[in-house]
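A.B. asks: Provided herewith is a single structure, encoded as structure tokens, for subsequent inquiry.
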Amino acid sequence: MRYHNTYVHLDPRLYHQQPPTPLKNPRAGHFNLSVAEQLGWTEDEDLMARWVDILGGEYVPAQFEPLAMAYAGHQFGQWAGQLGDGRGLLMAQVLDDNDQLQDLHLKGSGLTPYSRMGDGRAVLRSTIREYLCGHALNQLGIPSSNALGFVVSDTPIRRECMEAGAALMRVADSHIRLGHIEWIASFAPDLLSEFTDYMIDTYYPECRDSDTPVLAFLQKVVERTARMIADWQLIGFAHGVMNTDNLSITGSTMDFGPFGFMERFNPAWINNHSDHTGRYAYQNQPAIGHWNLNIWLPHFMRLEGVTRETLADCLAPYEATFMQHYQQGLCRKLGLPHQSESLTIAFEWLTLLEDNLLDYTNGFRALLGLVAPDEHPYEQQLLLTLTSELQGEALQAWEDWSTRYLAQIQSFPIEQVINSLKTNNPAYVLRNSMAQRAITAAEQGQFEEVARLYDLLASPYTVQDIATALDSSPPAPNAPQMPISCSS
Ligand code: AMP
Ligand code: MG
133 MRYHNTYVHL
143 DPRLYHQQPP
153 TPLKNPRAGH
163 FNLSVAEQLG
173 WTEDEDLMAR
183 WVDILGGEYV
193 PAQFEPLAMA
203 YAGHQFGQWA
213 GQLGDGRGLL
223 MAQVLDDNDQ
233 LQDLHLKGSG
243 LTPYSRMGDG
253 RAVLRSTIRE
263 YLCGHALNQL
273 GIPSSNALGF
283 VVSDTPIRRE
293 CMEAGAALMR
303 VADSHIRLGH
313 IEWIASFAPD
323 LLSEFTDYMI
333 DTYYPECRDS
343 DTPVLAFLQK
353 VVERTARMIA
363 DWQLIGFAHG
373 VMNTDNLSIT
383 GSTMDFGPFG
393 FMERFNPAWI
403 NNHSDHTGRY
413 AYQNQPAIGH
423 WNLNIWLPHF
433 MRLEGVTRET
443 LADCLAPYEA
453 TFMQHYQQGL
463 CRKLGLPHQS
473 ESLTIAFEWL
483 TLLEDNLLDY
493 TNGFRALLGL
503 VAPDEHPYEQ
513 QLLLTLTSEL
523 QGEALQAWED
533 WSTRYLAQIQ
543 SFPIEQVINS
553 LKTNNPAYVL
563 RNSMAQRAIT
573 AAEQGQFEEV
583 ARLYDLLASP
593 YTVQDIATAL
603 DSSPPAPNAP
613 QMPISCSS
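So the sequence shown is numbered by our numbering: it starts at 133 and just counts up by one.
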């Protein structure tokens, strides 16, 4: 592995160097061979042989320089002060096979000076959810952290009941959160300039070509955040806890807790059980992204040449960037070019899904069964299931819509339409029920279901034999939601 530890050379007030606290009797959960190859981990026999010991915190390779990062944040709209890292350590930074810097971050590694009232640990169920979700988003083509693997252990962890301690080696292009700047602004304002230089040089070096590198950098963060959230909306992903400490400065999805993938389409859907006001409901995500950036940007006014006006100019394109990316993506999901007629029919389609509480993922995928049924038996079946839920006026509305849609696609080469439908509408996402089945088995020591989901979600746009009917079954309409809450 090509180690490139740079964070550890920043001002020591920004972190606390310490090793992980070992878990008792760590055992393999799952190992992500493709991430290992990406990192060059597979070329090192010692790392390969001892990955469970490393994730279990028992063995720290010589080139690792573990540290807990200091950051703060706004949680549910309120300033929460210092927050982390209370249960994770940045273990090492490496250059991957694409020369991209990657952080190896061990989550669930024990107490740090920033643990507050927590125990520094992560339980198996949240570890599995994070492991599978990072993998799923990456394979769907959405910027996200991923993971090298996870372990389970005999360390008992108290939550609502006793659970097994686990640890995940998260891999992300950065672990710098918006909340890092909030921490600096509150606790070490003299470091802002040095830290901003580090962020630009490390993550946005192209901004050095600008006359105003700081503003160019901030514009890029705004743009990448807007695009990431557009990707979420398109795929039907709800992050669940978009606090400023959970958003990366690289516009890459991170910190999975109460996330979910949309099933029966309801824009007001709240996946996070602890989110009583629906602040982080699916439909609020674009506005919350803006809220977070709006509260974050003024910290940079301490820097020379950055004013209220220039910051406003950085944030202004957020909405247009989001809308453009979202609308282009929505048209692609229907196999249509980005133009006003396409958007009209797309929004009618979303209304149809919403009015009838149809499954978002299956609904879009079923369009292949409408456009080219003979070549797509799986999607033809999805379409039959979907239309079997419609009656009376709803069925009529579907028939009207599908007639107009089929007429609209006539103007374009059919292969192009099919290809666009196939590559923008996954056959599989990580439904809460799927993750839960894998968790239930894993809690009994059986990891085969985690492995099967890993394989399935490795190719989400391809219909696969290893899938079961449950992988594409939404809950019954108006069924009570599975309770998924914050940090566990
Ligand atoms: P989250 O809502 O999961 O993003 O967590 C917010 C903050 O609380 C993060 O900075 C975590 O490091 C910290 N935290 C969450 N769970 C624990 C825990 N069990 N022990 C210590 N710190 C924790
Ligand atoms: Mg967090």
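Where a beta carbon is used, it is the ideal one built from N, C-alpha and C, also for glycine.
Relative to the alpha-carbon of Asp178, which residue among Leu502, Gln195, His162, Phe393 has its alpha-carbon at the smallest distance?
C.D. replies: Ranking Leu502, Gln195, His162, Phe393 by Cα distance to Asp178 puts Gln195 first.
A.B. asks: Please specify which runs of the alpha helix (DSSP H), each continuous and at least 4 residues long, are wholly inside the stretch 248 to 281, giving them in chain order.
C.D. replies: 256 to 272, all fully within the stretch 248 to 281.
A.B. asks: Please name the residue or residues paired with Asn380 in a DSSP beta bridge.
C.D. replies: Looking at the sequence shown, residue 380 is not Asn but Ser. Answer is Arg309, bridged to Ser380.
A.B. asks: Whole angstroms are fine: how far does the CA of Val346 sit from the CA of Gln578?
C.D. replies: Each residue's Cα considered, the two are about 50 Å apart.
A.B. asks: How about Asn424: is its Cβ closer than 7 Å to a heavy atom in the ligand MG?
C.D. replies: Checking every heavy atom of the ligand MG against the Cβ of Asn424, none is found closer than 7 Å.
A.B. asks: Would you call the stretch 200 to 212 and the stretch 266 to 280 in contact, with 3 or more CB pairs under 8 Å?
C.D. replies: They do not touch, by the three-pair rule.
A.B. asks: Roughly how many angstroms separate the alpha carbons of Pro505 and Leu490, rounded to a whole number?
C.D. replies: Distance between the alpha carbons of Pro505 and Leu490: 20 Å.
A.B. asks: Beta carbon of Asn403: closer than 7 Å to some heavy atom of the ligand MG?
C.D. replies: Every heavy atom of the ligand MG is 7 Å or more from the Cβ of Asn403, so no.
A.B. asks: Should Met201 be labelled buried (16 or more other beta-carbon atoms within 10 Å of its own) or exposed?
C.D. replies: The residue is buried, with at least 16 neighbouring Cβ atoms inside 10 Å.
A.B. asks: Which of helix, strand or coil does DSSP assign to Gly501?
C.D. replies: Helix at Gly501.
A.B. asks: Can you give, in chain order, each stretch of the alpha helix (DSSP H) that sits fully within the stretch 536 to 570 and has at least 4 residues?
C.D. replies: 546 to 556, all fully within the stretch 536 to 570.
A.B. asks: Are Tyr586 and His237 touching if we call contact CB-CB under 8 Å?
C.D. replies: No.
A.B. asks: Tell me whether Arg302 counts as near the ligand AMP, meaning its Cβ is closer than 7 Å to at least one heavy atom of that ligand.
C.D. replies: It does not: the Cβ of Arg302 is nowhere closer than 7 Å to a heavy atom of the ligand AMP.
A.B. asks: Tell me which residues pass a beta-carbon proximity test against the ligand MG: closer than 6 Å to any heavy atom, given in chain order.
C.D. replies: Selection output, chain order preserved: Asp377, Asn378, Asp387.
A.B. asks: The ligand AMP heavy atoms versus the CB of Cys618: any closer than 7 Å?
C.D. replies: Cys618: yes, Cβ under 7 Å from the ligand AMP.
A.B. asks: Based on the DSSP secondary-structure assignment, which residues constitute the bridge partners of Val353?
C.D. replies: According to DSSP, Val353 bridges with nothing at all.
A.B. asks: Mind checking Lys156: buried by the 16 CB within 10 Å criterion, or exposed?
C.D. replies: So Lys156 counts as exposed.
A.B. asks: I need the straight-line Cα distance from Ile367 to Asp235, nearest angstrom please.
C.D. replies: Using only the alpha carbons, I get a separation of about 26 Å.
A.B. asks: Nearest CA to the CA of Pro612: which residue from Arg396, Asn378, Thr138?
C.D. replies: Nearest of Arg396, Asn378, Thr138 to Pro612, Cα basis: Arg396.
A.B. asks: Please look up how many angstroms separate the CB atoms of Leu379 and Leu589, rounded, as I've assumed it's under 8 Å.
C.D. replies: Rounded, the Cβ-Cβ distance is 23 Å, inconsistent with contact.
A.B. asks: Opposite Phe369 in the DSSP bridges: which residues?
C.D. replies: Note: Phe369 sits in a beta bridge opposite Phe393.
A.B. asks: Considering only their Cβ atoms, is the gap separating Leu256 from Leu221 smaller than 8 Å?
C.D. replies: Their beta carbons are not under 8 Å apart, which means Leu221 does not touch Leu256 by this criterion.
A.B. asks: Taking only three categories from DSSP, how would you classify Ala400?
C.D. replies: It is coil, neither helix nor strand.
A.B. asks: Measure the CB-CB distance between Arg145 and Leu323 and report whether it falls below 8 Å.
C.D. replies: The answer is yes: Cβ separation under 8 Å.
A.B. asks: What is the DSSP secondary structure of Val284, reduced to helix, strand or coil?
C.D. replies: Here Val284 sits in strand by DSSP.
A.B. asks: Check this for me: beta carbons of Val582 and Tyr510, under 8 Å apart or not?
C.D. replies: Contact: no.
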